[in-house]
Every structure is written in structure tokens, then in C-alpha cells.
Amino acid sequence: TKLKILCRYFFRDEPMNLAVNLLETPTSRCIDLEEYAASSLDQGVSLAAVDDNGEFVGVVINAIINRNDVEEDKTEECTHHKFKRILRLLTHLSNEAKVWEKVPASCDVMMELRIASTHPEWRGRRIMKVLAEESE
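Residue numbers for the sequence shown follow the working numbering, beginning at 30 and rising by one.
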């Protein structure tokens, strides 16, 4: 599944996760992170690249956001203290970006790319570039 490649590569390699030592051992899990990553999968706008054997080699998790939706602060319900630090930073950056001020008032819906990951053996082959372009 898309979440499986994220658990195997993105969760372990992502710089913020490394900075807070989110996953302390090779078998460590962060359920809050897994739920965050999976939260928009049912919207049907996420993409994956697969090799000739059908194995996932790249994934982008996208989400549809609406102007009128109130951005939920998920930090308070987060139980993992290290992931809570990451969520606080992401919430701050999202608030500072003020994306709705940068698009026409007539735009009420947009898609955001939330998470991107490429299998280590496939990095440097422009897979993420293609997935990002396809997401547009």
C-alpha cells in the first residue's frame, strides 16, 4: 500500500522525523504519524509510481482543502510528544503561508501536496518530479 512505502522510507528518512528522533528503533512506529499520512488517502488525489513488478517506488499524498474549512489544530489530540512538535511546526508554517490570500477570491478549493517519498533505490530518477507534475 501507499502507507507501507511511507512507513518504510519516508517516516525513517524525513529530516524533521530524524531531527526529533521520531522513530528510535527500526521497529518503532508512530501511530499519530501513520494516521496523519492516511487521513487524506480516501480523497482519491494521491498518486504512486510502481515498477514493472507492481512495487511502489514513489508516493505523493495529496489532499483537497477548502477555503471555508476551518483548519483543525491536530496538535492537541496528538499523543506522541515528538510528533506533536512536528505538527506544531507544520501548523505554524501553514498559518504563516496564508495560501488563501495568494489565490483569487473565486478559488474556494485547492489541492496541497502533503507528503512525498521515493524508494531509496529509485532516487535521482525524477520520479518525484513526475508525481508532482501529475498531481497538478
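Note that CB positions come from ideal geometry on N, CA and C, so glycine has one too.
Would residue i be called buried (16 or more neighbouring beta carbons within 10 Å of its own) or exposed?
| i | result |
| --- | --- |
| residue 135 | exposed |
| residue 45 | exposed |
| residue 123 | exposed |
| residue 160 | buried |
Let me check understanding here. Comparing Cα to Cα, which of the options lies closest to residue i?
| i | options | result |
| --- | --- | --- |
| residue 109 | 96, 89, 65, 145 | 65 |
| residue 38 | 116, 148, 161 | 148 |
| residue 155 | 68, 44, 78, 52 | 78 |
| residue 117 | 133, 82, 103, 158 | 103 |
| residue 132 | 54, 114, 153, 96 | 96 |
| residue 98 | 55, 47, 54, 137 | 137 |
In three-state terms, what does DSSP make of residue i?
| i | result |
| --- | --- |
| residue 155 | coil |
| residue 118 | helix |
| residue 50 | coil |
| residue 161 | helix |
| residue 132 | coil |
| residue 41 | helix |
| residue 123 | helix |
| residue 63 | helix |
| residue 84 | coil |
| residue 150 | helix |
Tell me whether the beta-carbon of residue i lies closer than 8 Å to the beta-carbon of residue j.
| i | j | result |
| --- | --- | --- |
| residue 94 | residue 139 | yes |
| residue 73 | residue 146 | no |
| residue 112 | residue 62 | yes |
| residue 59 | residue 52 | yes |
| residue 49 | residue 115 | yes |
Suppose the cutoff is 8 Å on Cβ atoms and the five residues either side in sequence are ignored; what does the same chain contact list for residue i look like?
| i | result |
| --- | --- |
| residue 164 | 74, 76, 89, 91, 140, 142 |
Does the distance between the C-beta of residue i and the nearest non-hydrogen atom of the ligand HEM fall short of 7 Å?
| i | result |
| --- | --- |
| residue 77 | The model on display carries no ligand, and the ligand HEM is accordingly not part of it. |
Can you name, in chain order, every residue of its own chain whose Cβ lies under 7 Å from the Cβ of residue i, other than the five neighbours on each side?
| i | result |
| --- | --- |
| residue 80 | 86 |
| residue 32 | 63, 66, 67 |
| residue 151 | 86, 87 |
| residue 120 | 102, 104 |
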